[in-house]
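Chemist: Below you will find the structure I want to go over with you.
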Amino acid sequence: MHYDWDFGFLLQYKGLIWVGALYTIGFTICTAVSGLAVGCVVALANLSRARIINAIITGFIEIFRCTPVLVQLVWCYYALPMLTGIELSPAVAAFITLTLYGASFYGEIIRGGIISVDLGQWDAGRALGMRRHQLMKRIIMPQALKRMVPPLVNQTVLQLKNTSLLSVLAVPDLLYQGQLITSASYRPLETYTMIAVIYFVILFPLTRLARLLEARVAG
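Heads up, the sequence shown is in this note's numbering, so the first residue is 23 and it goes up one at a time.
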């Protein structure tokens with residue numbers, strides 16, 4: 023089957039593509055930062071000796087890790103307002119969902135990094151009379167961070183990929199803008215090829231960075 027490729031028409035939609043790229047990158051940065059912040063709280067709470075807190079945090083982590091992001095997005099946008107009486111815009115619902123989803127993974131990465139530090143380091147800090155927060159700041163976290171960074175970068179890559187699901191809520195991300203262009207131009211092949219190329223250009227440096235960091239930590 024012969025097909026006449028023509029990417030030239032996309033120039034008239036460069037505004038839509040630019041807005042979509044900004045939304046995609048913006049959502050990735052915002053949800054990665056907020057997810058990491060919440061993830062820190064989740065990790066520290068999960069290290070608590072209180073069983074009730076551990077049970078709550080474990081439940082939170084398992085719910086978000088064991089359900090599809092798309093289901094979470096739809097539930098947050100349609101079901102949560104029915105329970106709370108608070109209407110959420112598509113962007114806010116998407117932000118909340120991706121933040122909490124990311125936090126469940128970031129939290130486990132951070133917790134794993136902390137507990138990977140040899141117990142002797144904790145004992146040495148206590149022997150020096152350090153309090154828990156001093157021990158964490160001066161001894162544990164500097165060592166744990168080296169092991170956390172590669173998986174944190176990988177999770178951020180997943181955060182960016184998950185933004186492609188925002189189109190289901192009509193958030194004007196890159197994929198949603200691609201759908202608009204396809205509806206107007208009837209040329210899905212060039213449109214979605216361009217969208218895929220843009221995602222690749224954004225994601226490839228991040229995946230390479232993750233591999234370099236993993237190699238550095240392993241070395």
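From the three backbone atoms N, C-alpha and C, an ideal C-beta is built for every residue, glycine too.
Being a predicted model, the structure only gives us computed values, none of them experimental.
Expressed to the nearest angstrom, what Euclidean distance is found between the alpha-carbon atoms of D26 and I137?
Modeler: Walking along the sequence shown from the start, residue 26 turns up at place 4. Walking along the sequence shown from the start, residue 137 turns up at place 115. Going by the C-alpha atoms only, they are around 57 Å apart.
Chemist: What's the gap between the Cα of V41 and the Cα of Y128?
Modeler: Here the question's residue 41 lines up with position 19 in the sequence shown. Here the question's residue 128 lines up with position 106 in the sequence shown. In a straight line, the C-alpha of V41 is about 28 Å away from that of Y128.
Chemist: Nearest CA to the CA of L33: which residue from E212, A232, L225?
Modeler: Numbered from 1 along the sequence shown, position 11 holds the residue referred to as residue 33. When only C-alpha atoms are compared, the closest one is E212.
Chemist: Could you tell me the alpha carbon to alpha carbon distance between T119 and A149, rounded to whole angstroms?
Modeler: Walking along the sequence shown from the start, residue 119 turns up at place 97. Walking along the sequence shown from the start, residue 149 turns up at place 127. Roughly 43 Å between the two C-alpha positions.
Chemist: Touching or not, the segment 83-95 and the segment 109-126, by the rule of three or more beta carbon pairs under 8 Å?
Modeler: Touching, yes, given that three or more Cβ pairs across the two stretches are closer than 8 Å.
Chemist: Measuring only the C-alpha atoms, how far is G200 from Q181?
Modeler: Along the sequence shown, one-based indexing puts residue 200 at 178. Along the sequence shown, one-based indexing puts residue 181 at 159. Approximately 19 Å between the Cα atoms of the pair.
Chemist: Assign D28 to buried or exposed, taking buried as 16 or more other Cβ atoms, counted over all protein chains shown, within 10 Å of its Cβ.
Modeler: Stepping through the sequence shown from its first residue, residue 28 is reached at position 6. Per the 10 Å Cβ criterion, exposed.
Chemist: If you draw a straight line from the C-alpha of L234 to the C-alpha of P227, how long is it?
Modeler: Taking the first residue of the sequence shown as 1, we reach residue 234 at position 212. Taking the first residue of the sequence shown as 1, we reach residue 227 at position 205. Answer to the nearest angstrom: the Cα atoms are 10 Å apart.
Chemist: What residue range is occupied by the uninterrupted alpha helix (DSSP H) comprising Q177?
Modeler: Here residue 177 refers to the residue found at position 155 of the sequence shown. Element bounds for Q177: 163-184.
Chemist: For the ligand ADP, is there any heavy atom lying closer than 8 Å to the beta carbon of L33?
Modeler: For the structure depicted, the ligand ADP is absent and the ligand set is empty, with no information on it obtainable.
Chemist: With H, G and I counted as helix, E and B as strand and the rest as coil, what does DSSP make of A206?
Modeler: Translated into positions along the sequence shown, residue 206 becomes position 184. A206 falls in the helix class under three-state DSSP.
Chemist: Figure out for me which residue from T80, G107, I47 has the closest Cα to the Cα of T185.
Modeler: For the purposes of this step, residue 185 is identified with residue 163 of the sequence shown, where counting begins at 1. Ranking the options by Cα distance to T185, first place goes to I47.
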